[in-house]
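**Student:** Everything in the sequence shown is counted per the numbering used here, starting at 1 for the first residue and increasing by one. After the structure tokens below, expect a handful of questions from me.
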Amino acid sequence: MRYSLTSLLKNSLSGHRNWTPAWREPEPRKSYDVVIVGGGHGLATSYYLAKEHGISSVAVLEKGWLGSGNIGRNTTIIRSNYMLPENNPFYEWSMKLWENFEQEFNFNAMISQRGVLNLCHSDAQYDAFARRGNAMRIDGVDAVLLDANGVRSMYPFLDFTGARFPIRGGLLQPRGGTVRHDAVAWAYARGADSRGVDVIQNCEVTGIRIENGKVIGVETTRGFIGCKKLGLAAAGNSSEVAAMAGLRLPIESHVLQAFVSEGLKPYIDGVITFGAGHFYVSQSDKGGLVFGGDIDGYNSYARRGNLPMVEHVIEAGVAMIPGLSRVRVLRSWGGIVDMSMDGTPIIDKTHIDGLYLNAGWCYGGFKATPASGWCFAHTIARNEAHTLSAGFRLDRFRRGYAVDEKGQGATPNLH
Ligand SMILES: Cc1cc2nc3c(=O)[nH]c(=O)nc-3n(C[C@H](O)[C@H](O)[C@H](O)COP(=O)(O)OP(=O)(O)OC[C@H]3O[C@@H](n4cnc5c(N)ncnc54)[C@H](O)[C@@H]3O)c2cc1C
């Protein structure tokens, strides 16, 4: 069913009791051409497998409900403000897919290109931002370098005078912004389902069956499901799922927390990130400030964080916007993020025939959802890397060709 003003009016006459479900709840079939583990990037992958490659014998297996993973837990920020040549074209393609997302899916995902502003606090950081902005513009990405007055004209409430870290300027990506996160899961599920993909919730993969070096299917809580090709897109559980096939990944799992404040009057009309610590904030349409910061500093599979990190994040927030100290936090939650050793994701086939890997998104994979699904679908369908994700090969760690955007080295907790 197409969502439109007419369908809304028509359904309102029958008390909204006749809407057809946005996707089916199918029983798993005995086998599929492609099975994908994980209902985040996995949903996007299944959609593009069907749409771009004509492969619709596909099942997405999700152990929880749709949107229960990081796709529904993030702080909703999208951007393509990277510097390295392996990253920029990939994230810019994602941005272009976002820009056409609601039209393509006939679904309101509240895409709001309200601008993402990174603040800087020293001359050296300003120079680094100028360099990144230039790299973005060379790749055709929008970037505007602002001095302190430029930032002040956008956000006069920031602390420009008595601040612990005076604001030197900022790098703005006007096309960056936010997207309602769970709507993305629903739109991809609806789009994939309408093209014949089986989206199967409450179906945990517990084992991977391999015969003669080739994947033949997965053991699940709903029985064995055969497949010719298997894609893993399990985020914070990537290491555990890959271990079922005997793979040891260069990934650590950490919890990342997010926070929402009480509702305030319209106050912050873009996304602002602090440059002297790790803090990012935007304001939702309901008025709550949505914010987050660093990952908790230990490995964990728990979807809840610890109080020291709450204090750390809020300290950074108050250093940037002193007025935040008077705002009450309403709720917080955590998600398990798959931190790779260089902060860059992995989209690749593995040495096992028919087994493909999508992982290592750290805390920045939401904005990548469309491009990640696009490239992973290509890799699965054609058994080769897509040019846009050619820098995300698994063997880069063996070859010593890390894609270390932040220059932090092999320290996942810093990426
Ligand atoms: C608090 C927080 C804030 C964030 N903020 C941002 C942001 O502002 N912008 C941004 O770009 N990124 C952000 N991120 C990161 C982003 O959300 C993730 O990188 C991205 O969503 C990862 O996508 P995914 O498909 O790999 O993971 P997920 O959406 O988590 O999908 C993986 C799915 O696999 C399922 N699964 C795991 N094991 C199994 C199994 N054995 N069987 C079946 N299913 C299984 C899980 O239940 C999960 O639903 C944030 C993350 C968090 C936690």
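Don't be surprised by glycine CBs; every beta carbon is placed ideally from N, CA and C.
How close, in whole Å, do the beta carbons of F366 and H181 come, if the pair is a contact with beta carbons under 8 Å?
**Tutor:** 6 Å
**Student:** May I ask you to verify whether the stretch 372-387 touches the stretch 302-312, counting CB pairs closer than 8 Å and requiring at least 3?
**Tutor:** no
**Student:** Report whether the distance from the Cβ of S300 to the nearest heavy atom of ligand 1 is below 7 Å.
**Tutor:** no
**Student:** Can you say whether T76 is buried or exposed, counting buried as having 16 or more other CB atoms within 10 angstroms of its CB?
**Tutor:** buried
**Student:** With respect to the alpha helix (DSSP H) encompassing D127, which residues constitute its N-terminal and C-terminal limits?
**Tutor:** 123-138 is the extent of the alpha helix (DSSP H) around D127.
**Student:** Output the distance between the C-alpha atoms of A143 and R328, rounded to the nearest integer angstrom.
**Tutor:** 34 Å
**Student:** Measure the beta-carbon distance from T344 to F392 and round it to whole angstroms, keeping in mind my assumption that it falls under 8 Å.
**Tutor:** At roughly 6 Å, the Cβ-Cβ gap stays under 8 Å, so T344 and F392 are in contact.
**Student:** With contact counted as at least three CB pairs below 8 Å, one residue from each stretch, are the stretch 335-351 and the stretch 377-390 in contact?
**Tutor:** Yes, they touch.
**Student:** Alpha helix (DSSP H) containing N88: first to last residue?
**Tutor:** 88-99
**Student:** Can you tell me whether T387 is helix, strand or coil according to DSSP?
**Tutor:** helix
**Student:** If I measure Cβ to Cβ from G223 and keep anything under 8 Å in the same chain, skipping five residues before and after, which residues do I get?
**Tutor:** P28, listed in sequence order.
**Student:** Taking T220 as the reference, which of V37, G176, E405, T20 has the closest Cα?
**Tutor:** V37
**Student:** Starting from W186, follow the alpha helix (DSSP H) in both directions and report where the run begins and ends.
**Tutor:** Unbroken alpha helix (DSSP H) run through W186: 181-194.
**Student:** Is any heavy atom in ligand 1 found nearer than 7 Å to the beta carbon of Y82?
**Tutor:** no
**Student:** When you compare the stretch 103-122 with the stretch 270-286, are there three or more beta-carbon pairs, one atom per stretch, that lie closer than 8 Å?
**Tutor:** yes
**Student:** Just verifying my parser: in three-state terms, what is the DSSP assignment at R326?
**Tutor:** R326: helix per DSSP, three-state reduction.
**Student:** I need the DSSP call for Y436, collapsed to helix, strand or coil.
**Tutor:** There is simply no residue 436 to check, as the chain begins at 1 and stops at 415 in what is shown.
**Student:** State the beta-bridge partners of Y280 as determined by DSSP.
**Tutor:** T273, G292
**Student:** What do you get for W19, buried or exposed, if any count of 16 or more other CB atoms within 10 angstroms of its CB means buried?
**Tutor:** Counting Cβ neighbours within 10 Å, W19 comes out exposed, since fewer than 16 surround it.
**Student:** When burial is assigned at 16 or more other CB atoms within 10 Å of the CB, is N88 buried or exposed?
**Tutor:** buried
**Student:** If you reduce the DSSP assignment to three classes, tell me which class V141 lands in.
**Tutor:** coil
**Student:** Would you call H16 buried or exposed, if buried means 16 or more other Cβ atoms sit within 10 Å of its Cβ?
**Tutor:** Around the beta carbon of H16, fewer than 16 other beta carbons lie within 10 angstroms, which makes this residue exposed.
**Student:** Does the stretch 148-165 come close enough to the stretch 49-56 that 3 or more CB-CB pairs lie under 8 Å?
**Tutor:** no
**Student:** Give the range of the alpha helix (DSSP H) segment to which V316 is assigned.
**Tutor:** Note that residue 316 corresponds to Ala in the displayed sequence, not to Val. Here the alpha helix (DSSP H) through A316 covers 307-320.
**Student:** Between which two residues does the alpha helix (DSSP H) holding N149 run?
**Tutor:** That run of the alpha helix (DSSP H) goes 148-154.
**Student:** Keeping to the same chain, check which residues put their C-beta closer than 8 Å to that of E92; ignore five residues upstream and five downstream.
**Tutor:** S80, D139, G140, V141
**Student:** If A416 sits next to G40, beta carbons under 8 Å apart, how far is it from one beta carbon to the other, in whole angstroms?
**Tutor:** There is no way to answer for residue 416, as the model of the chain reaches only from 1 to 415.
**Student:** Within 10 angstroms of the Cβ of F101, are there 16 or more other Cβ atoms? Answer buried if so, exposed if not.
**Tutor:** buried
**Student:** Thinking C-alpha only, which one of D127, R326, S46, A242 is nearest V215?
**Tutor:** A242
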